[in-house]
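In the working numbering, the protein residues as written are 1293 to 1595. Only one structure is covered here, and it is reproduced in the block below.
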Ligand SMILES: [Zn+2]
């Protein structure tokens, strides 16, 4: 079984990308019009497809695939997925659209940044232009008066969207609200370069103002206490920023900054062993997310 009901008309699909559980999931909104949120990477599209089969969803009934952003772990598989869903259109931020039509640059930069992890995710296939709906704000009709709200939540990326569903009031933040580790009930930053702190904090305020009931993390799963979690995440980003600012000023290495974060951020203290032993998280979270802060702070000093 790949699927789990997590709310009214709402299902989570465990993508088990590369055989890793609790790493990446997609969501299915089984409304009058069926919408998926996140395709996940190319390599785990077969698991998403078998999830749809488990939910008895005819492929031709899927109308929308909403992706929060184009990074390989969220939207990388959407071109492959559309081969199975003849009537579905992709919702993406306008700045992400060119990279869906021609994913070559995205794939090259992912290989550079993620290394072996990009191979685990798989190469994205192009999406035909006529199957893309660019959107940054507004609503999408799910039938019978139900509307999915789109919220532009930049900072993690210059093209991250969040979505709020009408049936339970929960929000899909993509990577705007961190990575949730359900095993530990904690959230850690998702801040790879080019990360923009002020914009990320503004996006979190936008999400808080929606008063969501739950957060549906792409990494990984549904979490309650949504507003408190978003507020805590803001504080955590500010803590990382102040440590990195000191580190950059005093010429610390990335490792020294990381060690300081591990000591000062009690959340990281709780997951440190798990994250550093995890083949994917040790690379994506510990290295790239700290580098995102370092680059942001260096750039801010230059400007
Ligand atoms: Zn991600």
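From the three backbone atoms N, C-alpha and C, an ideal C-beta is built for every residue, glycine too.
Item to check | Distance CB(residue 1577)-CB(residue 1478) smaller than 7 Å | outcome: In the chain shown, residue 1577 corresponds to position 285, counting from 1. In the chain shown, residue 1478 corresponds to position 186, counting from 1. No, the pair does not count as a contact, with Cβ atoms beyond the cut-off.
Next on the checklist: Please report the straight-line C-alpha distance between residue 1480 and residue 1568, rounded to a whole angstrom.
Outcome noted: For the purposes of this step, residue 1480 is taken as residue 188 along the chain shown, with counting starting at 1. For the purposes of this step, residue 1568 is taken as residue 276 along the chain shown, with counting starting at 1. Cα to Cα, the separation comes out at about 13 Å.
Checklist entry - Hey, which residues come within less than 7 Å of ligand 1, measuring from Cβ to any heavy atom, in chain order? => result Selection output, chain order preserved: 1363, 1365, 1366, 1467, 1482, 1510 and 1511.
Checklist entry - By Cβ distance, which residues of its chain are closer than 8 Å to residue 1455, with the 5 residues on each side in sequence left out? => result The residue given as residue 1455 occupies position 163 in the chain shown. The answer, listed in chain order, is 1329, 1358, 1360, 1440, 1441, 1442, 1443, 1463 and 1464.
Item to check | 8 Å contact criterion, which residue 1393 and residue 1512 should meet: CB distance rounded | outcome: One-based indexing of the chain shown puts residue 1393 at position 101. One-based indexing of the chain shown puts residue 1512 at position 220. Their Cβ separation, rounded to whole angstroms, is 29 Å, which puts residue 1393 and residue 1512 out of contact at 8 Å.
Checklist entry - Hey, out of 1352, 1583 and 1529, whose CA is closest to residue 1549's CA? => result Translated into the one-based positions of the chain shown, residue 1549 becomes position 257. Closest option to residue 1549, Cα to Cα, is 1583.
Item to check | residue 1373, enclosing alpha helix (DSSP H) - first and last residue | outcome: Locating residue 1373 in the chain shown gives position 81, where the first residue counts as 1. Taken as a continuous stretch (DSSP letters only), the alpha helix (DSSP H) holding residue 1373 covers 1370 to 1374.
Item to check | Beta-bridge pairing of residue 1431 - partner residues as DSSP gives them | outcome: As a first step, residue 1431 is located in the chain shown; it is residue number 139 there, counting from the start. As a beta-bridge residue in DSSP terms, residue 1431 pairs with 1441.
Item to check | Three-state secondary structure (DSSP) of residue 1503 | outcome: Within the chain shown, residue 1503 is the residue found at index 211, counting from 1. In the three-state reduction of the DSSP assignment, residue 1503 falls in the coil class.
Checklist entry - At a cut of 8 Å, does the region 1497 to 1509 reach the region 1546 to 1561 through at least three beta carbon pairs? => result no
Checklist entry - Is it buried or exposed for residue 1400, if we count other Cβ within 10 angstroms and need 16 for buried? => result For the purposes of this step, residue 1400 is taken as residue 108 along the chain shown, with counting starting at 1. So residue 1400 counts as exposed.
Next on the checklist: Determine whether the beta carbon atoms of residue 1414 and residue 1334 lie at a separation below 7 Å.
Outcome noted: Within the chain shown, residue 1414 is the residue found at index 122, counting from 1. Within the chain shown, residue 1334 is the residue found at index 42, counting from 1. Cβ distance < 7 Å, so residue 1414 and residue 1334 count as in contact.
Next on the checklist: Given this structure, state the Cα-to-Cα distance separating residue 1428 from residue 1450, to the nearest angstrom.
Outcome noted: As a position in the chain shown, residue 1428 is number 136, starting the count at 1. As a position in the chain shown, residue 1450 is number 158, starting the count at 1. So the alpha carbons of these two residues sit roughly 11 Å apart.
Checklist entry - Considering residue 1515, what are the terminal residues of the alpha helix (DSSP H) in which it resides? => result In the chain shown, the residue the question calls residue 1515 occupies position 223. Segment 1513 to 1515 is the beta strand (DSSP E) holding residue 1515; no alpha helix (DSSP H) there.
Item to check | Rounded straight-line distance, which links the Cα of residue 1484 to that of residue 1474 | outcome: Locating residue 1474 in the chain shown gives position 182, counting from the first residue. Locating residue 1484 in the chain shown gives position 192, counting from the first residue. If you take the alpha carbons of residue 1474 and residue 1484, they lie about 21 Å apart.
Item to check | Three-state class that DSSP yields for residue 1453 in the structure shown | outcome: Numbered from its first residue, the chain shown carries residue 1453 at position 161. Residue state, collapsed to three classes: strand.
Next on the checklist: Using only the alpha-carbon positions, how far apart do residue 1422 and residue 1378 sit?
Outcome noted: The residue given as residue 1422 occupies position 130 in the chain shown. The residue given as residue 1378 occupies position 86 in the chain shown. So the alpha carbons of these two residues sit roughly 12 Å apart.
Next on the checklist: Considering just the uninterrupted stretch of the alpha helix (DSSP H) at residue 1556, what are its terminal residues?
Outcome noted: Along the chain shown, read from residue 1 onward, the residue named residue 1556 stands at position 264. Segment 1546 to 1556, the alpha helix (DSSP H) holding residue 1556.
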